[in-house]
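Asks: The sequence shown: position 14 = 14 (the UniProt record's numbering), numbered continuously.
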Amino acid sequence: MLVPDGLDITTARGEVAHLRPVEEDDWRLDQELSRVPDVTRWTYYPPDASEEEARRRVTRNLEIRAAGRGGRFIIVAGDAPVGTIGVGTRGSGPFLFYALLPAARGRGLATAAVSGLAGWLLAHGEPSVRASTMVGNSASEQVLARAGFLPGELAVEPDGVTVRRWLLVAAP
């Protein structure tokens with residue numbers, strides 16, 4: 001799967017941020033996100049990741065990018081990393097996932113990151129982009145809806161978690 005080397009994004013309020021590929025030193029952000037209760041509740045971040053576990057997660061993401069199966073990006077606002085967004089292959093196409101630190105929320109950064117990365121994928125030949133939200137995660141549902149994704153069916157993941165599927169299709 002083709003993924004960008006980086007991407008500038010702009011929020012609805014005009015704040016400019018940048019998506020850059022994950023680097024080895026980004027384990028600190030992974031570890032910080034693992035200590036945010038709603039991040040571990042609504043995503044697959046392990047709670048209270050150790051340095052070793054955070055480093056393993058980053059290494060795995062670097063390997064996924066190198067193998068051409070997707071990639072994860074750091075959302076940088078100002079000079080600070082404030083969250084992550086990634087794309088992987090799942091089922092019949094690209095699948096987005098994301099998480100932001102609490103201090104970065106409410107500024108439109110998640111919506112801009114989702115819109116930017118999904119738009120890039122569609123512009124580079126993907127016919128559609130998918131995402132899912134765990135049932136009850138209304139903040140993430142709002143992000144996807146603002147980014148133009150349409151809600152789909154409910155499904156039970158192999159780990160027993162019920163999710164809503166979301167889809168964004170390229171314009172004809």
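Each residue gets a CB set at the ideal place from its N, CA and C atoms; glycine is no exception.
The model shown is predicted, which means the values in this text are computed figures rather than measured ones.
Since L168 is in the alpha helix (DSSP H), which residue starts that stretch and which ends it?
Replies: Element bounds for L168: not the alpha helix (DSSP H) but the beta strand (DSSP E), 162-169.
Asks: Is the beta carbon of A17 closer than 9 Å to that of A112?
Replies: Yes, Cβ-Cβ distance for A112 and A17 is below 9 Å.
Asks: Are at least three pairs of beta-carbons, each pair with one atom in the stretch 150-157 and one in the stretch 116-126, less than 8 Å apart?
Replies: No, they do not touch.
Asks: Enumerated in chain order, which unbroken segments of the beta strand (DSSP E) with a length of 3 residues or greater are wholly contained in the stretch 12-37?
Replies: With a minimum length of 3 residues, the continuous beta strand (DSSP E) runs that stay inside the stretch 12-37 are 16-21.
Asks: With DSSP as the reference, identify every bridge partner of D8, one or two as the case may be.
Replies: Paired residues: H18.
Asks: For a test of the three-state rule: what should DSSP assign to L100, helix, strand or coil?
Replies: Here L100 sits in strand by DSSP.
Asks: If contacts are defined as beta-carbon pairs under 8 Å, then G83 and L109 qualify, I think. What distance do you get, rounded to the angstrom?
Replies: That belief holds up - the Cβ atoms of G83 and L109 are roughly 7 Å apart, short of 8 Å.
Asks: Taking Cβ to Cβ, would you say residue 179 is nearer than 9 Å to F73?
Replies: There is no way to answer for residue 179, as the model of the chain reaches only from 1 to 172.
Asks: For A131, which of helix, strand or coil comes out of DSSP?
Replies: Reduced to three states, the DSSP call for A131 is strand.
Asks: In terms of DSSP beta bridges, what is R89 paired with?
Replies: The sequence shown places Thr at residue 89, not Arg. Looking at the DSSP assignment, T89 forms a beta bridge with P94.
Asks: Would you mind sorting Y45 into buried or exposed? The rule is 16 or more other CB atoms within 10 Å of its CB.
Replies: Classification of Y45: buried, given that the 10 Å Cβ count is 16 or more.
Asks: Going by C-alpha to C-alpha distance, which of R107, T133, S115, G160 sits closest to R13?
Replies: Nearest option by C-alpha distance: R107.
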